[in-house]
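Presented below is the structure to which this report refers.
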Amino acid sequence: RDFEASLGDFTRAYQLGHGDLYALYLRADVYQALNRDQESLQDLSRLIKLQPEESNHFVRRAILLKRLNRTRDAELDFTKAIEVKPSPIAYERRGDFYNSIKAYDKAVADFVRALKIAPETKTAQRGLAIAYECIGRKDLADRARRAASCRGRRPRRR
3 RDFEASLGDF
13 TRAYQLGHGD
23 LYALYLRADV
33 YQALNRDQES
43 LQDLSRLIKL
53 QPEESNHFVR
63 RAILLKRLNR
73 TRDAELDFTK
83 AIEVKPSPIA
93 YERRGDFYNS
103 IKAYDKAVAD
113 FVRALKIAPE
123 TKTAQRGLAI
133 AYECIGRKDL
143 ADRARRAASC
153 RGRRPRRR
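Listed below in structure tokens is the structure:
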């Protein structure tokens with residue numbers, strides 16, 4: 003992969019496309035792949051300014067902010083993503099974030115919210131298991147792990 007050439011291509015596509023936001027979206031990815039986080043952050047911020055109704059932009063920027071150790075800003079963006087569109091994925095991502103900063107009670111709350119919206123999600127069950135394990139609730143962690151391993155499978159016939 004020639005990421006530098008891709009950057010040029012996406013920049014031209016964005017300029018020639020008179021604001022083609024998908025090119026900007028992809029360019030932010032390439033900047034991240036090249037560890038050019040500040041430029042990626044600028045593109046993600048521009049996307050948010052141009053499409054504030056798109057919760058995924060907030061999630062992507064929050065993940066980058068977390069990587070840059072800007073945890074407070076990351077939390078604000080995860081929360082904004084949920085305000086814009088309270089989806090299971092947004093709750094799962096913020097729950098993962100809370101697990102990563104050892105805010106396990108908040109993580110539990112977010113994974114439970116994700117499961118209320120989409121009870122079949124394994125990702126939320128796995129995150130919930132981690133959070134419960136870390137707060138010493140092995141019984142609930144085991145239950146969440148079992149639920150994650152059973153989702154999508156049909157019961158065995160006896």
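Plus 2 on top of the position in the sequence shown (first one is 1) and you've got our numbering. For each residue, glycine too, the CB sits at the ideal point set by N, CA and C.
Boundaries of the alpha helix (DSSP H) in which residue i is found, first to last residue
{"i": "Ala116", "result": "106 to 119"}
{"i": "Ser57", "result": "57 to 69"}
{"i": "Glu41", "result": "39 to 52"}
{"i": "Leu28", "result": "23 to 35"}
Residue j beta carbon less than 7 Å from that of residue i
{"i": "Gly49", "j": "Leu70", "result": "For clarity, residue 49 is Leu in the given sequence; the question names Gly instead. The answer is no: Cβ separation not under 7 Å."}
{"i": "Ala133", "j": "Tyr93", "result": "no"}
{"i": "Leu66", "j": "Leu43", "result": "yes"}
{"i": "Gly97", "j": "Asp75", "result": "no"}
{"i": "Lys82", "j": "Phe60", "result": "yes"}
{"i": "Arg29", "j": "Asp45", "result": "yes"}
{"i": "Ala150", "j": "Lys124", "result": "yes"}
{"i": "Ala131", "j": "Ala120", "result": "no"}
Reduced DSSP category for residue i - H, G, I as helix; E, B as strand; rest coil
{"i": "Leu78", "result": "helix"}
{"i": "Pro90", "result": "helix"}
{"i": "Ile103", "result": "coil"}
{"i": "Glu122", "result": "coil"}
{"i": "Arg145", "result": "helix"}
{"i": "Ile137", "result": "coil"}
{"i": "Arg72", "result": "coil"}
{"i": "Cys152", "result": "helix"}
Buried or exposed by the 16-neighbour rule on C-beta atoms within 10 Å, applied to residue i
{"i": "Gly129", "result": "buried"}
{"i": "Asp141", "result": "exposed"}
{"i": "Ala35", "result": "exposed"}
{"i": "Gln127", "result": "buried"}
{"i": "Asn37", "result": "exposed"}
{"i": "Ser102", "result": "exposed"}
{"i": "Lys68", "result": "buried"}
{"i": "Pro90", "result": "buried"}
{"i": "Arg95", "result": "buried"}
{"i": "Asp144", "result": "exposed"}
{"i": "Tyr33", "result": "buried"}
{"i": "Tyr24", "result": "exposed"}
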